[in-house]
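Trainee: Under this note's numbering, the residues of the sequence shown are numbered 2 to 442, in order. C-beta: ideal position from N, C-alpha, C; glycine also. Keep in mind that this is a model prediction, so the values were computed, not measured. Structure below; questions to follow.
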Amino acid sequence: MLVGNGILITMEDDNRFFPDGAVLVEGEVVKEVGTTGDLRARHPEEPFLDARGMLILPGLVTGHTHLYGHWARGIPGRGEPAANFRQILERLWWRLDRALTPEDNYHQSLAALLEAVRHGVTTLFDHHASPCSCPGSLDRVAAAFTEVGLRGCLCYEVSDRDGPAIARQGLEENRRFAERCRREGGSLLRAAFGLHASFTVGEETLRLAAEIGHGLGVGFHVHVAEGEADVAETLRMCGKHPVRRLAEAGVLGEKSIAAHCVLVGPEEIRILWESGCTVAHNPVSNMNNAVGISPVPDLLEAGVNVVLGGDGFLDLWREMNLAAMGARLARRDPRAMGGEEVRGITWVNNARLARRYWDRPLGQITEGGYADLILLDYRPPTPLDRANYMGHLIYGVAGAAVDTVMVGGRLIMRGRSFQTVDEEAVLARSRELARSLWERY
Ligand SMILES: [Zn+2]
């Protein structure tokens, strides 16, 4: 299939911009990238998907999310409003996750993935928790990914907060799912090893996680220095900052994701860089929880692979915008996070992270890479060209513009209509189960 007649931006490290570009897709892979005229002339028999002047971009990759939190939207509050990060965890998240059933894990993931598609997100690094339904939970999340047709790197967030038996189940669930992925292969699903955060993982659990994860050859996905509680309680536990503790335990390697890193200074930034791990930045979540903002410009200057995530929020266009605004506000410098830095944490670095898990490039449109494309129906009010397109993407383009989504050459959404699932049925069931969850939690 030839997808063409659109403004094509490949978002490769060395970006290519075609005012009238086309992508030749063969099977699940991008075969050629070029101008519409040239590719149509050389492949006249190929079925043509006409982008009609829309933007053609790679599908977005979110470096950190929690599909299990999707039903928190609009949830009735209980008791006094949480006054700090620890109370947010205790009063909302750690009650909500304990109430999740196996059925919830599947249906909530389905509903969340539909929202991801609507925002042009095609690959998600998910961090799952459902302590009372842990065994097999990742299979239920994975079933939603394969049904919708998106790529996911899944893990279970191991924690000692619900006692040793559930911590053991979490360790086992990560091991089991990683072995399943290795056995089955395929191009949609991958596994990481999940840990909640340093302050809820004791020494023995951390040691076991590191041992099992290294044995499997997977990376770790863990919250790091998101709020004061993580730093203060880890310091009390072992006299170390969470970054140092996790690095010394061997869980911050090249394939690992350290989510947030809000409370890090020069010493921690140096350790993060040395470890080669990825830092996932989640500005909307950080603002919502009032925990502060990660020093992303400092991390980038130090050479750390910072990627955009959403921590449960799936609109990466808003994350992109607020990553720029947040950095400028924090530094009180309007030059912080220019277009190229924003492009780096949204496409270049996310693609680099994905490449550590998948056998072909994705998150960028490149010959030999997976054909994960999105078409955006965006009519610019000012000229859009190779010099200023990031201005349009940061300030003008929103998730609502996503018209068509393709993953591995397969159309997931076309003309805003889902091709793989019945959206109305999924959302109706989602509302029903969410109401029942709210009553139980
Ligand atoms: Zn998170």
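#1: Pair every Cβ in the region 194 to 212 with every Cβ in the region 60 to 80, then say whether three or more of these pairs are closer than 8 Å.
#2: Excluding the 5 residues preceding and the 5 following G409 in the sequence, name in chain order all residues of the same chain whose CB lies nearer than 7 Å to its CB.
#3: For E33, write down the residues that DSSP places opposite it in a beta bridge.
#4: Taking 7 Å as the cut-off, is the beta-carbon of H65 closer than that to any non-hydrogen atom of ligand 1?
#5: Count the CB pairs spanning the region 98 to 111 and the region 309 to 323 that are closer than 8 Å, and state whether there are at least three.
#6: Could you give the DSSP three-state label for L301: helix, strand or coil?
#7: Across the region 390 to 403 and the region 132 to 151, are there enough close Cβ pairs to call them in contact, namely three or more that are closer than 8 Å?
#8: From which residue to which residue does the beta strand (DSSP E) around T66 run?
#9: Consider the C-beta atom of A260 and the heavy atoms of ligand 1; say whether any pair is separated by less than 7 Å.
#10: If you measure from the CB of H129, is any heavy atom of ligand 1 nearer than 7 Å?
#11: In whole angstroms, what is the alpha-carbon distance linking E255 and Y358?
#12: Look up P381 in the DSSP assignment and say whether it is helix, strand or coil.
#13: Output the distance between the C-alpha atoms of L394 and G203, rounded to the nearest integer angstrom.
#14: Using only CA atoms, which one of R344, D161 and E269 lies nearest to D15?
#15: According to DSSP, is I366 part of a helix, a strand, or is it coil?
#16: Using the Cα positions of S134 and D360, report the straight-line distance between them to the nearest angstrom.
#17: Could you tell me the alpha carbon to alpha carbon distance between L236 and E269, rounded to whole angstroms?
#18: Cβ of I366 within 8 Å of Cβ of V62?
#19: Counting C-beta neighbours from all protein chains within 10 Å, is the total for G175 16 or more, i.e. buried, or is it exposed?
#20: From what residue to what residue does the beta strand (DSSP E) around G153 run?
#21: To the nearest angstrom, how far is it from the Cα of G277 to the Cα of E234?
#22: Can you look up Y371 in the DSSP assignment and give me helix, strand or coil?
#23: Just to confirm, are H261 and N287 a CB contact at a threshold of 8 Å?
#24: Looking at the unbroken alpha helix (DSSP H) that takes in N351, where does it start and where does it end?
#25: Report the three-state DSSP secondary structure of H128 (helix, strand or coil).
#26: Which residues in the same chain have their Cβ closer than 7 Å to the Cβ of V403, if we skip the five residues on either side of it in sequence?
Mentor: Result, derived from the coordinates:
#1: Because the criterion of three Cβ pairs below 8 Å is not met, the region 194 to 212 and the region 60 to 80 do not touch.
#2: Residue 409 sits at position 408 when you count from the first residue of the sequence shown. Excluding sequence neighbours, G409 sits near E29, S188, Y371, A372 and D373.
#3: As a position in the sequence shown, residue 33 is number 32, starting the count at 1. As DSSP reads the structure, E33 sits in a beta bridge with L25.
#4: Position 64 of the sequence shown, counted from the first residue, corresponds to residue 65. H65: yes, Cβ under 7 Å from ligand 1.
#5: Touching, no.
#6: As a first step, residue 301 must be located in the sequence shown, where it is residue number 300. Residue state, collapsed to three classes: helix.
#7: When Cβ pairs closer than 8 Å are counted between the two stretches, the region 390 to 403 is seen not to touch the region 132 to 151, the count staying below three.
#8: Residue 66 sits at position 65 when you count from the first residue of the sequence shown. Residues L61 to T66.
#9: As a working mapping, residue 260 is identified with position 259 in the sequence shown. Under cutoff, so the answer is yes.
#10: The sequence position of residue 129 within the sequence shown is 128, counting from 1. Closer than 7 Å to some heavy atom of ligand 1: that does not describe the Cβ of H129.
#11: For the purposes of this step, residue 255 is taken as the residue at position 254 of the sequence shown. For the purposes of this step, residue 358 is taken as the residue at position 357 of the sequence shown. A direct Cα-to-Cα measurement between E255 and Y358 gives close to 11 Å.
#12: Position 380 of the sequence shown holds residue 381. Three-state DSSP puts P381 in coil, outside helix and strand.
#13: Here residue 394 refers to the residue found at position 393 of the sequence shown. Here residue 203 refers to the residue found at position 202 of the sequence shown. Note on geometry: alpha-carbon atoms of L394 and G203 lie some 43 Å from one another.
#14: Mapped onto the sequence shown, residue 15 falls at position 14. Of all alpha-carbon atoms in R344, D161 and E269, the one lying nearest the alpha-carbon of D15 is that of R344.
#15: Position 365 of the sequence shown, counting from 1, holds the residue named residue 366. If DSSP states are grouped into helix, strand and coil, I366 belongs with coil.
#16: In the sequence shown, the residue the question calls residue 134 occupies position 133. In the sequence shown, the residue the question calls residue 360 occupies position 359. Taking the straight line joining both Cα atoms gives about 32 Å.
#17: Numbered from 1 along the sequence shown, position 235 holds the residue referred to as residue 236. Numbered from 1 along the sequence shown, position 268 holds the residue referred to as residue 269. If you take the alpha carbons of L236 and E269, they lie about 14 Å apart.
#18: As a working note, residue 366 is residue 365 in the sequence shown. As a working note, residue 62 is residue 61 in the sequence shown. In this structure, V62 does not lie closer than 8 Å to I366 by Cβ.
#19: Counting from 1 along the sequence shown, the entry for residue 175 is found at position 174. Just to set this straight, residue 175 is Asn in the shown sequence, not Gly. Counting C-beta atoms within 10 angstroms of its own C-beta, N175 has 16 or more neighbours from the protein chains shown and is therefore classed as buried.
#20: Along the sequence shown, one-based indexing puts residue 153 at 152. G153 -> beta strand (DSSP E) spans R152 to L155.
#21: In the sequence shown, residue 277 corresponds to position 276, counting from 1. In the sequence shown, residue 234 corresponds to position 233, counting from 1. Distance between the alpha carbons of G277 and E234 is about 25 Å.
#22: Numbered from 1 along the sequence shown, position 370 holds the residue referred to as residue 371. In the structure shown, Y371 sits in a strand (DSSP, three-state: E or B).
#23: Position 260 of the sequence shown, counted from the first residue, corresponds to residue 261. Position 286 of the sequence shown, counted from the first residue, corresponds to residue 287. Judged by beta-carbon spacing, N287 lies within the 8 Å limit of H261, meaning their Cβ atoms are closer than that value.
#24: Locating residue 351 in the sequence shown gives position 350, where the first residue counts as 1. Note, N351: alpha helix (DSSP H), N350 to R356.
#25: Start at 1 with the first residue of the sequence shown, and residue 128 comes out as number 127. When DSSP states are grouped into helix, strand and coil, H128 belongs to the coil group.
#26: For the purposes of this step, residue 403 is taken as residue 402 along the sequence shown, with counting starting at 1. If we look at V403 and ignore the five residues flanking it on each side, its Cβ neighbours are R119, H120, G121, I375 and L377.
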